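>
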Amino acid sequence: MPEIPADRYKSNEFQQLEWQRLWGRVWNMGPRLDELRNPGDYVTHTLGKERLVFVLNKQGEVRGFFNVCRHRGNVLCRRYSGNMKTFYCAFHGWKYDLDGAVTDIPHRERFAELDDPDELEKLNLTPLLVDVWGGWIWFNLNPGAAPLMDFLGEIPEKLAGYQFERATLIDYKTFEFDCNWKTCLDAFNESYHFPALHRQLLPWGNEDAPITLLGLHSMMINEYGVPSPSLEDRETIGAQLEEYLRGQGIDPEMFDGRGLDVRGAVQKHKRKLQNDTHFSYQSLEDGQLTDAYHYLVFPNVHFNCFAEFHVAMRYRPHPSGDPGRMFFDFLMFAPLAPGEDIEPFTYKIAKGGVDTVGDVLEWGVRSFPASDEVLEQDIALLPLVQAGMSSDSFDVLRLGEDESRLGHFHENLMRYIEEK
Ligand code: FES
Ligand SMILES: [Fe+2]
């Protein structure tokens, strides 16, 4: 039975090692590209203690910087997003252009050494390595890192059918949790917990999910429209399966199949619609029309993909450096129908356990019965798992086969940690 030392979830030393050897080396998913539309549009982001900012320069190119004034370290952009002509530091008024070059230093004659252009150049904002894939801005803190596409490996090809770049970001909320970032990641990285924690999924969701390891990354497939193998009766169409059918556009009154026929019927139904819909049915395989294709992009992003929408979940270390705290980002995407307009979402940082998921999310989780409730169940457990793991009596996590993605994740994590 694979075992994972619990120390990795609770020690300051391990958190430090992660900071030096993991976060500083991997490609990280940053903001959504369509949050930047016009020159001067910017959006801020944090990763652990690092405050970052992404901006469109005058040529319309994405640039990324540490969001830190080079004079005495004040944070430059304080709002989540906005538009600016230049970076302006509120402390002493230094300015930088949208490519990060310092352009204005009040009373510059009082900084004698700045007549030397080399000295002046050192005051430009510190850039990030930036690239774009899937409608996202990705960044790397290591200026010498290998290209993003090498890092992503098979991910772009596997996800191509969903056409991420056509999807609109319709909601984005951050929750602050009292647990390690990996505690939260783990909880969304297996479906072994469905029968115990999410019983309400079983009438229409198959927790027995095939897993594929993809180098650094991994995926699993949860069939939907299939009563769980752990249920005795998989034939009767009960209330939940009826609700599922309705959510998928099939009138249960007109459906004369049995429980195990539902998934195939939904696939056929969507296949028939594929020429008359703005959803990407045409480019998706039959399984993708019904099932949750659930990808981990190492180290900290899940894409849970459905035919009509996808969710991105990102797990970030906390700015305080406390291994027992984290940020959980929940981002909901859907392609909009031609002419469809939606109210822009309001970005918010909520406190998990205080703010309930249903109240915080503006759009909820579409098309499936009781989905907000499922997320609540996951989230309510996290501080308890962290508290239990923090006990001196708890030394290792013990993993079964259904949790092989967790073991695989830790193998990759330790490759980074052990590489000096
Ligand atoms: S800290 Fe920014 S101008 Fe002084
Ligand atoms: Fe869950």
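For any residue, its number in this note's numbering is found by taking its place in the sequence shown, counting from 1, and adding 1054.
Every residue, glycine too, gets a C-beta built ideally from N, C-alpha and C.
Small disclaimer: the values here were computed from a predicted structure and weren't measured.
Can you list, in chain order, the residues of its chain whose CB lies under 7 angstroms from that of Asp-1345, leaving out five sequence neighbours each side?
Position 291 of the sequence shown, counted from the first residue, corresponds to residue 1345. Hits under 7 angstroms: Ile-1275, Asn-1276, Glu-1277 and Tyr-1278.
> If you measure from each CB to the nearest heavy atom of ligand 1 and keep those under 7 angstroms, what residues do you get, in chain order?
Here the residues come out as Cys-1123, His-1125, Arg-1126, Gly-1127, Asn-1128, Cys-1143, Phe-1145, His-1146, Gly-1147 and Trp-1148.
> Does DSSP put Thr-1344 in a helix, a strand or coil?
Within the sequence shown, numbered from 1, the residue matching residue 1344 stands at position 290. It is helical.
> Which partner residues does Tyr-1142 have in the DSSP bridge list?
Position 88 of the sequence shown, counting from 1, holds the residue named residue 1142. BP columns for Tyr-1142 point to Lys-1149.
> Using 8 angstroms as the cut-off, can you tell me whether the stretch 1203-1217 makes contact with the stretch 1100-1115, which would need three or more C-beta pairs spanning the two stretches below that distance?
no
> I need the straight-line Cα distance from Ala-1155 to Leu-1179, nearest angstrom please.
For this step, residue 1155 is matched to residue 101 along the sequence shown. For this step, residue 1179 is matched to residue 125 along the sequence shown. Rounded to whole angstroms, the separation of the alpha carbons of Leu-1179 and Ala-1155 is 6 angstroms.
> Can you check DSSP and say which residues form a bridge with Asn-1137?
As a first step, residue 1137 is located in the sequence shown; it is residue number 83 there, counting from the start. In the DSSP output, where bridge partners are listed per residue, Asn-1137 has Asp-1095.
> Just to confirm the assignment, what range does the alpha helix (DSSP H) spanning Ile-1209 have?
Locating residue 1209 in the sequence shown gives position 155, where the first residue counts as 1. Start and end: 1209-1213.
> Out of Tyr-1369, Leu-1182, Ser-1445 and Leu-1202, which has the shortest C-alpha to C-alpha gap to Thr-1228?
Here residue 1228 refers to the residue found at position 174 when the sequence shown is read from its first residue. It is Tyr-1369 whose Cα lies nearest to the Cα of Thr-1228.
> Within 7 angstroms: the Cβ of Ala-1434 and any heavy atom of ligand 2?
Counting from 1 along the sequence shown, the entry for residue 1434 is found at position 380. Result no, Cβ not under 7 angstroms from ligand 2.
> Which ranges does the beta strand (DSSP E) cover as unbroken runs of at least 3 residues, wholly within the stretch 1172-1235, from first to last along the chain?
1183-1187, 1190-1194 and 1222-1231
> Exposed or buried, Thr-1157, counting other C-beta atoms within 10 Å across all chains shown (16 or more means buried)?
Sequence index remark: in the sequence shown, residue 1157 carries index 103 (1-based). Exposed.
> Indicate whether Pro-1373 and Phe-1231 have their beta-carbon atoms separated by less than 8 angstroms.
Numbered from 1 along the sequence shown, position 319 holds the residue referred to as residue 1373. Numbered from 1 along the sequence shown, position 177 holds the residue referred to as residue 1231. Contact flag unset, no.
> On the CB-based measure, 16 or more other CB atoms within 10 Å of its CB, does Phe-1357 come out buried or exposed?
As a working note, residue 1357 is residue 303 in the sequence shown. Phe-1357 is classed as buried because its beta carbon has at least 16 other beta carbons within 10 Å across all chains shown.
> With a threshold of 7 angstroms on Cβ separation, who are the neighbours of Ala-1388 within its own chain once the five nearest residues in sequence on each side are excluded?
Within the sequence shown, numbered from 1, the residue matching residue 1388 stands at position 334. Only Ala-1221, Thr-1222, Ile-1224, Glu-1362 and Phe-1363 meet the Cβ criterion.
> Taking C-beta to C-beta, are Gly-1189 and Arg-1117 nearer than 8 angstroms?
Translated into the one-based positions of the sequence shown, residue 1189 becomes position 135. Translated into the one-based positions of the sequence shown, residue 1117 becomes position 63. No.
> Quick one: is Ser-1445 near chain B, going by C-beta distance under 8 angstroms?
Absent from the structure: chain B. Only one protein chain is present.
> When burial is assigned at 16 or more other CB atoms within 10 Å of the CB, is Ala-1391 buried or exposed?
On the sequence shown, residue 1391 is found 337 positions in, with the first residue counted as 1. Exposed is the call here.
> CB of Ala-1099 to nearest heavy atom of ligand 2: below 7 angstroms?
As a working mapping, residue 1099 is identified with position 45 in the sequence shown. The sequence given here has His at residue 1099, not Ala. No; taking the cut-off as 7 angstroms, the Cβ of His-1099 has no heavy atom of ligand 2 nearer than that.
> Quick one: what does DSSP say Glu-1472 is sitting in, helix, strand or coil?
Along the sequence shown, one-based indexing puts residue 1472 at 418. DSSP places Glu-1472 in helix when its eight states are reduced to three.
> Roughly how many whole angstroms lie between the Cα atoms of Gly-1094 and Phe-1108?
In the sequence shown, counting from the first residue as 1, residue 1094 sits at position 40. In the sequence shown, counting from the first residue as 1, residue 1108 sits at position 54. About 10 angstroms.
> Could you say if the stretch 1235-1249 and the stretch 1454-1463 meet the contact criterion of at least three C-beta pairs nearer than 8 angstroms?
yes
> Who are the near neighbours of Pro-1201 in its chain, counting only those whose CB is closer than 8 angstroms to its CB and skipping five residues on each side?
The residue labelled residue 1201 in the question sits at position 147 within the sequence shown. Within the same chain, Pro-1201 has close Cβ partners Asp-1185.
> What is the residue span of the alpha helix (DSSP H) that Asn-1260 lies within?
Position 206 of the sequence shown holds residue 1260. No alpha helix (DSSP H) holds Asn-1260; DSSP gives it neither H nor E.
> Can you tell me which of the three DSSP states His-1464 falls into?
Working through the sequence shown from its first residue, we reach residue 1464 at position 410. Helix.
> Can you tell me whether Ala-1241 is helix, strand or coil according to DSSP?
Translated into the one-based positions of the sequence shown, residue 1241 becomes position 187. Looking at Ala-1241 - three-state DSSP - the assignment turns out to be helix.
> Could you tell me which uninterrupted beta strand (DSSP E) segments, each at least 3 residues in length, are contained entirely in the stretch 1278-1362, listed from first to last along the chain?
1346-1351 and 1355-1359
> Is the beta carbon of Tyr-1134 sitting closer than 8 angstroms to the one on Val-1080?
Within the sequence shown, numbered from 1, the residue matching residue 1134 stands at position 80. Within the sequence shown, numbered from 1, the residue matching residue 1080 stands at position 26. Contact: no.
> For Met-1443, which of helix, strand or coil comes out of DSSP?
Walking along the sequence shown from the start, residue 1443 turns up at place 389. Residue state, collapsed to three classes: helix.
> Sorry if obvious, but does the Cβ on Ala-1012 come closer than 7 angstroms to a heavy atom of ligand 2?
Since the first and last residues shown for the chain are 1055 and 1474, residue 1012 lies out of range.
> State the DSSP-derived secondary structure class of Phe-1165, mapped to helix, strand or coil.
As a first step, residue 1165 must be located in the sequence shown, where it is residue number 111. Residue state, collapsed to three classes: coil.
> Are the CB atoms of Asn-1121 and Leu-1110 within a distance shorter than 8 angstroms?
Locating residue 1110 in the sequence shown gives position 56, counting from the first residue. Locating residue 1121 in the sequence shown gives position 67, counting from the first residue. Contact: no.
> Val-1058 bridges to which residues according to DSSP?
As a first step, residue 1058 must be located in the sequence shown, where it is residue number 4. One point to set straight first is that residue 1058 is Ile, not Val, in the sequence displayed. Ile-1058 is bridged to Leu-1451.
> Can at least three beta-carbon pairs, one atom from the stretch 1314-1324 and one from the stretch 1424-1433, be found at a separation below 8 angstroms?
no
> How long is the line joining the alpha carbons of Leu-1295 and Asp-1330, rounded to whole angstroms?
Counted from its first residue, the sequence shown places residue 1295 at position 241. Counted from its first residue, the sequence shown places residue 1330 at position 276. Each residue's alpha carbon lies about 26 angstroms from the other.
> With which residues is Leu-1268 paired in a DSSP beta bridge?
Taking the first residue of the sequence shown as 1, we reach residue 1268 at position 214. Its beta-bridge partners are His-1271.
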